[in-house]
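Yeah, the sequence shown ends on 742 if you go by the UniProt record's numbering, and it's all consecutive.
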Amino acid sequence: MAVYADVIVDITNEKLDRTFQYRVPEEMEERIVPGVEVEIPFGRGDRLIRGYVVETTDRPAYDPVKIKSIKQIVPGRVPIESRLIALAAWMRERYGSTMIQALKTVIPIKKEIKAQKKRLIRLNLSADQTQAYLDELNRKHCTARARLVQELIHQPELNYELVTKKLHITPAVIKALEEQGILCIQTEQLYRNPVRPAERQEKRVVLNDQQQAVVDQVTEDWGRGFRRTYLVHGVTGSGKTEVYMEIIARVVADGQQAIVLIPEIALTFQTVLRFYQRFGDRISIMNSRLSAGERYDQFERAKNKEISVMIGPRSALFTPFPNLGVVIIDEEHELTYKSENVPRYHARDVAIHRAETEGAMVVLGSATPSVDSYYKALRGEFGLFRLTDRAKKNALPHVYVEDLREELRSGNRSIFSARLQELLQDRLLKKEQVMLFLNRRGYAGFVSCRSCGHVMKCPHCDVSLSMHNHGRLVCHYCGYEEPAVKKCPECGSPYIGGFRAGTQQIEELLKKQYPEAGVLRMDADTTRNKDGHEKILAAFANREADILIGTQMIVKGHDFPAVTLVGVIAADLSLYTGDYLSSERTFQLLTQAAGRAGRGDVPGEVVIQTYQPEHYAVVTAAAQNYEEFYQQEILYRTISGYPPAAHLLAVLLSGADQEELSQAADVLIQQVPRDLEGLTVIGPAEPAVARINDIYKKVIYLKHKKYDTLTEVKDHLERFAKEQPLLEKINMQFDFNPMHAG
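Structure follows, in structure tokens:
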């Protein structure tokens, strides 16, 4: 059977959709895989050009007689483009997508932006020759040429744009002098550099014994050519960033490059400054707020080895470094490392695969590691290090857990507990700073009782039910429904419903209750403009406000020495988000929030307000006891068959016709192979939001202990969908180990 290869001849993204098909010679069949650079006859004259294989198939795109053959595989070193295309092919297979979707993820430049260039004009003549030539120009009344030569006598090197715009000399005059050999034009590449930090002042930090032990082990492994993935589990303030920088310094000293992933743009300001102080102009950043030109320039600088360290969120993982040595993933537990667009990849898993194929290592770091990573570390798949002390030896904060049920019983209907109000007043008198964290993720979803704390749960899936507009409580895993309740089924209280306060309401309450306090709010509304995060964080760091209110973005990685009190307004909001990760998220957010207090010389205090003070996620977060949390959480995951004890595949279906969508979901679920031992099928069910812009949605969940088994099911469903007219109008996507219900 003949084999054909789809070849792309240009890696600028505007042409990624255009491939050309070639026949694969029989002797090359085993070596032609996605990413391989090949030489092909192109166009009417069959001139030989180079391209990259993106897919192979046994189906010709047109008449096989007219399909030309690949000339040869390009010998020599594998270029970075080849490696990135091979990575895209792996992502397409592992996560489910088209090759084009995977390519546009891995090669994220929208289009090749015209590079900025700096042109300089220089004289080719000696001083005597120049003066003689100038005299001749004046005699002939060549005013423009004479003016330019006169300027070059005073200043031997002139900027081309300056000459044309300020001296008003036309390009034709400059070209004429160049053709006569009077002057020459030299062109230099100019790169748009998004890093504009303050003046560099290198500060070398002396590592403590625990930090040094991590660096010594990793660099020793590096030196003997041993590559693996490491997990650094360090309490908040333990100095993980200093460890990262020492590891990077060793890798860079060996002529290789490093990628540092951070979870949010909010961290860029502080993180970049620390790295700049150490590595200077050898660093750059990548994030969604850069212009297309800045992004293009940073990728070009990386390819040309003009930078050594790239810092940024998920997309920075695909920086085209030719000699990648290490990928650092800070706060590796963060949800933002999982893509919500097709292919729905997890940056941690892609980083590990890229490192394995390019001879690099991966360092994961977190005060609250994901259950998935810790599970692998305990099984020996990752090297595990623990940093149990804060770098500055200051004590962890004292944590109070306030029961909001008791506050209600005592007559306090405020969203601030009595203890939080008392400590707030105390900090304002002492001129110390306060952070108030609203744990708002999933905030309108679950329904609970304010008197006893009871939460309405699905009897089949052990996740909370969500309130829908039609007045019913719904499970987003299996589709179970029940009517909304007016009274608590446990205690009969009428105080039942969802939490309604947002950051703006809290800001208004604070200003009313503490009019003398300076208050800053940091949420999606106040950070919408460019540099919004940096301005608010800088203002708070400069002591321009006493209280900072915010959502998740304020509790991650920021270091404010004057903060001695952190208040968590309602811990329960992430505890019942309707999916299996809710306890893990709650523990992580509470621990990270608590870690913001007492990072300076004054001891810190934390107030956690909750309706569920006995829940293990709250209890273990208050005690800063990750090990205890992990043991209880992995037991729940194992019993329930959730990742990492097993794997979960969400098949996401959407379409404009609700009836057709339901029929398609029913047909598709019948195609799931029932003879696969251990496979659990759940659904079809409606996701959390069942309709957006008149597009309806359905979801089918599949559970199995082996990831590869779910991949086989995915492949089978993809093949089936291509042959079914009913499924032509239905959009189907796959999400492995989803981090949101639906």
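Every residue, glycine too, gets a C-beta built ideally from N, C-alpha and C. Every value quoted in this text rests on a predicted model; they were computed, and no experiment measured them.
Judged by DSSP in its simplified three-state form, ASP10 adopts coil rather than helix or strand. Looking at the DSSP output, ALA61 sits in no beta bridge, so it has no partner there. Three or more beta-carbon pairs drawn from the region 15 to 22 and the region 38 to 57 are found closer than 8 Å, and the two stretches are therefore classed as touching.
Under the criterion of beta carbons closer than 8 Å, GLU178 and ILE185 qualify as touching, at roughly 6 Å.
PRO25 is positioned such that its CB atom lies closer than 8 Å to that of ILE70. The residue from MET361, VAL363, GLU507 and ILE329 with its alpha-carbon nearest to that of PHE416 is GLU507. Linking GLU406 to PHE437 through their CA atoms gives a straight-line distance of about 21 Å.
Per DSSP, reduced to three states, the secondary structure at LYS486 is coil, with no helix or strand assignment.
Annotation for GLY325: the continuous beta strand (DSSP E) segment containing it runs 324 to 330.
In this model, GLU39 and VAL7 are separated by some 10 Å (Cα to Cα).
ARG224 and ARG274 have their alpha carbons spaced roughly 29 Å apart.
In this structure ASP666 is exposed. Its beta-carbon is surrounded by fewer than 16 other beta-carbon atoms within 10 angstroms. Look at ASP657 here: in three-state DSSP terms it is coil, with no helix or strand label.
Straight-line spacing of the CA atoms in THR709 and PRO644 works out to 15 Å. Short of 7 Å from the beta carbon of VAL555, and not among the five residues preceding or following it, lie these beta carbons of its own chain, in chain order: PHE437, LEU589, GLN592, ALA593 and ARG596.
By DSSP's assignment, GLY492 forms no beta bridge with any residue. Going by beta carbons, GLN624 and VAL235 fall inside the 8 Å limit. According to the DSSP assignment, SER366 belongs to the beta strand (DSSP E) that extends over 361 to 366. Around GLY312, the same chain offers ILE285, MET286 and ASN287 as residues with beta carbons nearer than 6 Å, after the five sequence neighbours per side are excluded. In this chain, the alpha helix (DSSP H) harbouring ASN138 covers 127 to 139. Assignment of LYS71 by DSSP, reduced to helix, strand and coil, places it in the coil class. Here the alpha carbons of PHE629 and ALA621 stand approximately 8 Å from one another.
GLN612 and LEU408 have their alpha carbons spaced roughly 14 Å apart.
The closest CA to that of ARG585, considering only ARG472, LEU335 and PHE720, is found on LEU335. Residue nearest to ARG419 within the set GLU712, GLU677, TYR400 and ALA517 is TYR400 (criterion: CA-CA distance). Annotation: the continuous alpha helix (DSSP H) that includes LEU635 extends over 626 to 640. The region 248 to 260 makes contact with the region 318 to 338, as at least three CB pairs between them are under 8 Å.
Relative to the Cα of GLY497, the nearest Cα in the group LEU473, LEU509, TYR514 and TYR636 belongs to LEU473. Secondary-structure assignment with DSSP links ASP403 through a beta bridge to THR610.
Within a 10 Å sphere around the beta-carbon of LYS240 sit 16 or more other beta-carbons, which makes this residue buried. When C-alpha distances from ARG691 are compared across GLU677, PRO603 and ALA656, the shortest belongs to ALA656. In the DSSP assignment, GLU157 is bridged to ARG122. Of all alpha-carbon atoms in ILE547, SER414, TYR477 and GLU381, the one lying nearest the alpha-carbon of PRO515 is that of ILE547.
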